[in-house]
Ligand SMILES: [Zn+2]
Ligand SMILES: [Zn+2]
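Numbering (this note's numbering), first residue to last: 1357 to 1428.
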């Protein structure tokens, strides 16, 4: 199968990060035109690009010293 340039249909349209302590929210970083989202089945606290972790991966941003909650 050729890899298309469209994100998987189940890729979240918006990804919001929320601090569980103070309630602050911020949008997830973008990569390749889509929001980064938690790695599927990943146990790591990473946000990955829809093209795959090899394209882009970042640690989930922290707020008040804790990784923010990811809302998709
Ligand atoms: Zn906070
Ligand atoms: Zn990417």
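Note that the Cβ used here is the ideal one computed from N, Cα and C, for glycine as well.
Between the C-alpha atoms of residue i and residue j, what's the straight-line distance to the nearest angstrom?
i, j, result
"residue 1409", "residue 1395", "8 Å"
"residue 1361", "residue 1370", "18 Å"
"residue 1415", "residue 1404", "9 Å"
"residue 1384", "residue 1397", "19 Å"
"residue 1452", "residue 1372", "Within the shown structure, residues of the chain are numbered from 1357 to 1428, placing residue 1452 beyond reach of any answer."
"residue 1386", "residue 1375", "19 Å"
"residue 1378", "residue 1420", "8 Å"
Mapping DSSP to helix, strand and coil, what is residue i?
i, result
"residue 1365", "coil"
"residue 1372", "strand"
"residue 1388", "coil"
"residue 1422", "strand"
"residue 1380", "coil"
"residue 1402", "strand"
Which residues mark the beginning and the end of the beta strand (DSSP E) in which residue i is found?
i, result
"residue 1410", "1408-1415"
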